[in-house]
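Residues 201 to 479 (the numbering used here) are what the sequence shown spells out, left to right.
Just so it is clear, CB atoms sit at the ideal spot from N, CA and C, and this is done for glycine as well.
Keep in mind it's a predicted model, so treat the numbers as computed, not measured.
Each remark here refers to the structure printed beneath this line.
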Amino acid sequence: MSATLTDELLTATGQHCHRYDFVTRMESEADGHGWARIGMVMDGTGALLEDGEGWHQHETEAVRAQSNWQAARRIMADAVGECGELWDTLGEGIAYDADSFLASDAARRIADSLAGYPLLDEDDHSERERAAMVEEIEGSPVTLPDGIDGEDVLRELDFPSLGDITMTMIEDVLETLGYVACSDCDKWLTTMTTRCGEPLCRDCALEESRPDESAIVPIPGAEPWRARTLHSLGEPLTDVLTPYLDGYATEQGAAYREDVRAIVRGSRAGYRAVYGRAA
Numbered sequence: 201m202s203a204t205l206t207d208e209l210l211t212a213t214g215q216h217c218h219r220y221d222f223v224t225r226m227e228s229e230a231d232g233h234g235w236a237r238i239g240m241v242m243d244g245t246g247a248l249l250e251d252g253e254g255w256h257q258h259e260t261e262a263v264r265a266q267s268n269w270q271a272a273r274r275i276m277a278d279a280v281g282e283c284g285e286l287w288d289t290l291g292e293g294i295a296y297d298a299d300s301f302l303a304s305d306a307a308r309r310i311a312d313s314l315a316g317y318p319l320l321d322e323d324d325h326s327e328r329e330r331a332a333m334v335e336e337i338e339g340s341p342v343t344l345p346d347g348i349d350g351e352d353v354l355r356e357l358d359f360p361s362l363g364d365i366t367m368t369m370i371e372d373v374l375e376t377l378g379y380v381a382c383s384d385c386d387k388w389l390t391t392m393t394t395r396c397g398e399p400l401c402r403d404c405a406l407e408e409s410r411p412d413e414s415a416i417v418p419i420p421g422a423e424p425w426r427a428r429t430l431h432s433l434g435e436p437l438t439d440v441l442t443p444y445l446d447g448y449a450t451e452q453g454a455a456y457r458e459d460v461r462a463i464v465r466g467s468r469a470g471y472r473a474v475y476g477r478a479a
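In C-alpha cells:
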C-alpha cells in the first residue's frame, strides 16, 4: 500500500522547500501505521509546525517553535490518545491519520489558534523563555560572583529580551547589587566598605606583591650598583600578604592595589627583594 498526502501537506512541501525525500518519508511513515492518508500539523501560515531544534534563526523564534510544538503534541495526545496509533512525532513536525476525524479536527484547531495568536500555551512559553534568558546570562563572558546566579541577575533587569542581554547590562546589575570588578581580571568582588582605589581579588593581589628582581648594572669607573629591572620576576610575597588578605581585605570585601604596594614596601622581604640589600 502507498499512502497519500493531504492537499494541504502537498502544498506546504512545495511552498516551504522541504528536501526531496520528504514526501517519500511521509508515505513510509503512513504505511508503518497503516494509514491511507497522512497529514501534518500546520501553523497559522500554512507551514509545517516544526519543533525548532537546529534552526538557524533568532533564539526567540526557536523557543516559540519549541513551545508551540510541545503544546500541539499535548493537544493531539488528548484528541487521539497517548498510544500514538493515529499520530506520531517526526523531526519536522507532528504527523497524523488524515482519515481520523478526531486527529484532523485537533490539527485544524491548532492551525486556527496559531492563525489568531502566535502561542498555544503562553505559560509554557514564558517558562521556556525565562529559562533561556537565565542560560544566556550564565553563559555570558561575565563571570558571576559566588552566590549570584542567572536568576538573580534576571530579576534586576528591566524588560529583558531573549538574545539581547549584553555584558554591559549584566555588569550594571552586579554593580547595582554592590559588586565591583577586580581591576586586573574578570572576577567580581563584594565590597563591604566604600573607598577609593583599585580593588583586587586574592590571586591578583598576590600577583601584585610579586617584586621586581634586582639586577647588577656595571658603571664604568665605579662600583657596580643594583637597580630594579622592568619585569616582575620575583616570587609573590605570600607570607607577607596573607595576614592582610585574611584580615582587613576579607573584612572590606576586596584587597586594594595601594594597600598591597604599601605592605610590600614596608616588609623586610619586600624591601630586600626590591632593593637588593638587607632591610
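Residue pairing from DSSP leaves Pro345 without any beta-bridge partner.
The region 257-267 makes contact with the region 359-376: 3 or more CB pairs, one atom from each, lie closer than 8 Å.
Between Ile238 and Ala247 a beta carbon distance of about 17 Å is seen, past the 8 Å cut, so the two are scored as non-contacting.
Between Pro436 and Leu406, the CB-CB gap stays under 7 Å. Shown here, Gly378 sits in coil according to DSSP, grouped into three states, outside any helix or strand.
Ala315 and Met240 have their C-alpha atoms some 16 Å from each other. CA-to-CA, the gap between Asp243 and Ala265 works out to about 10 Å. Below 8 Å, enough C-beta pairs join the region 391-406 and the region 457-471 to call them touching: three or more. In this structure, Arg410 is the residue among Glu451, Arg410, Arg309 and Pro345 with its C-alpha nearest to the C-alpha of Thr438.
Annotated three-state conformation of Tyr456 is strand, per DSSP. In the three-state scheme derived from DSSP, where H, G and I count as helix and E and B as strand, Gly239 is classed as strand. As the crow flies, the alpha-carbon of Thr206 is around 18 Å from that of Glu250. Where Tyr317 is concerned, there is no enclosing alpha helix (DSSP H), because DSSP gives it neither an H nor an E.
Per DSSP, reduced to three states, the secondary structure at Thr368 is helical. Distance from the CA of Ile275 to the CA of Asn268, rounded to the nearest whole angstrom, comes to 10 Å. Take Pro345, set aside five residues on each side of it, and the residues of its chain with a beta-carbon closer than 8 Å to its own are Leu374, Tyr379, Lys387, Trp388, Leu389 and Thr390, in chain order. Counting along the chain, no beta strand (DSSP E) covers Thr206, and no H or E run does either. A distance of 7 Å or more separates the beta carbons of Thr211 and Phe222. Straight-line spacing of the CA atoms in Gly453 and Pro443 works out to 14 Å. Burial check for Asp323: the Cβ neighbour count within 10 Å stays below 16, so the residue is exposed. Under the three-state reduction of DSSP, Leu445 is assigned to helix. Under the DSSP definition of a beta bridge, Thr390 partners with Tyr379. Distance check between Asp299 and each of Leu377, Val440 and Thr204 places Thr204 closest, using alpha-carbon atoms only. Here Gly347 is not near Val334, since their CB atoms are 7 Å or more apart. Excluding the 5 residues flanking it on each side, Arg395 has same chain C-beta neighbours closer than 8 Å at Gln452 and Tyr456, in chain order. By the beta-carbon neighbour count (other beta carbons within 10 angstroms, threshold 16), Ser326 is exposed.
Cβ-Cβ separation between Pro341 and Met367: approximately 6 Å, consistent with a contact (criterion under 8 Å).
For Asp251, there is no enclosing alpha helix (DSSP H), as DSSP gives it neither H nor E.
Looking at the DSSP output, Pro399 sits in a beta bridge with Tyr456.
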